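Residue numbers (the numbering used here): 143 to 300.
Where a beta carbon is used, it is the ideal one built from N, C-alpha and C, also for glycine.
All figures in this text were calculated on a predicted structure; none of them were measured in a lab.
Here's the structure we're looking at; comments come further down.
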Amino acid sequence: MPLTNDSSFGVGREVDLMVYVYQRPNMRDQQLEFELQMGRDVLEAVFDKMVEMPHITEVFLSFPENHLNIIEQRVLYQRLGHYCHNLKKVIIKTQSVYIIQCTRNHCIGIVRVPGPLPVESTPIDEPLWYPMTGNVIGKGLKVLYGGSVEDVAKKLNL
């Protein structure tokens, strides 16, 4: 993951940061129901309770803009750095322009969707979202496109 050391998390701090930007996600997707709660305890600790959490070394946030106001989105990295002293890695899935604006470009990955993006002039009987794709939670996830069982086994060195 890209390393950021631009003082976002505090002076002299280096944190592995990756922000996955989803274009027009379906925020009512049932597959997101539980994922949207991941990291909420950390958000409540740094914004509501304001308690230090030295045991936190990694944070995954799925669309944290659902739990944060605009100012909180803009100071998210500062709060995480201040209250999570041992933080080494942060992964965020978002569509928030405020979080994106506060993120260095080398730490951003845009999740591409097929075809043109829906806009306000999209016909009334067509959805304005794309299905959620690209699970970024799993470690060591390998994406393979097509091929026979033998081809997949070769790619995975099985």
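Please list the terminal residues of the continuous beta strand (DSSP E) segment that includes residue i.
| i | result |
| --- | --- |
| E186 | Where E186 is concerned, there is no enclosing beta strand (DSSP E), although the alpha helix (DSSP H) it sits in stretches over 182 to 186. |
| G257 | Segment: none, G257 is in no beta strand (DSSP E) and carries neither H nor E. |
| L159 | 157 to 164 |
So, at 6 Å on beta carbons, what are the nonlocal neighbours of residue i in its own chain, with the 5 sequence-adjacent residues on each side left out?
| i | result |
| --- | --- |
| C244 | R216 |
| L210 | none |
| H227 | P196 |
| R155 | G223 |
| E268 | none |
Just curious, the alpha helix (DSSP H) that residue i is in, first and last residue?
| i | result |
| --- | --- |
| E214 | 212 to 216 |
| I266 | Here I266 belongs to no alpha helix (DSSP H), and DSSP marks it neither H nor E. |
| V193 | No alpha helix (DSSP H) contains V193, which DSSP labels as neither H nor E. |
| Y240 | 239 to 243 |
For residue i, I'd like the list of residues in its chain whose CB is within less than 7 Å of its CB, leaving aside the five on either flank, ordered along the chain.
| i | result |
| --- | --- |
| I279 | Residue confidence is low: I279 scores 48 on pLDDT, short of 50, so the model does not pin down where it sits. Its coordinate-derived value is still stated next. Counting only Cβ-Cβ distances below 7 Å, and skipping sequence neighbours, we find F202. |
| S149 | none |
| I250 | V161, V163, I242 |
| V188 | R221, L222, Y225 |
So who's on the other strand from residue i, going by DSSP bridges?
| i | result |
| --- | --- |
| V201 | V232 |
| Y272 | P167 |
| G251 | Y162 |
Taking the CB atoms as reference points, tell me whether residue i and residue j lie closer together than 7 Å.
| i | j | result |
| --- | --- | --- |
| T199 | K230 | yes |
| V232 | V153 | no |
| T146 | R246 | yes |
| E175 | S204 | no |
Grab me the residues of residue i's own chain with a C-beta within less than 8 Å of its C-beta, minus the 5 sequence neighbours each way, in chain order.
| i | result |
| --- | --- |
| W271 | R166, P167, N168, M169, P260 |
| G206 | Per the sequence shown, residue 206 should be read as Pro rather than Gly. Closer than 8 Å at Cβ, skipping near neighbours: G181, L185, Q215, L218, I234, T236, S238, I241. |
| M192 | Y225 |
| T264 | L270 |
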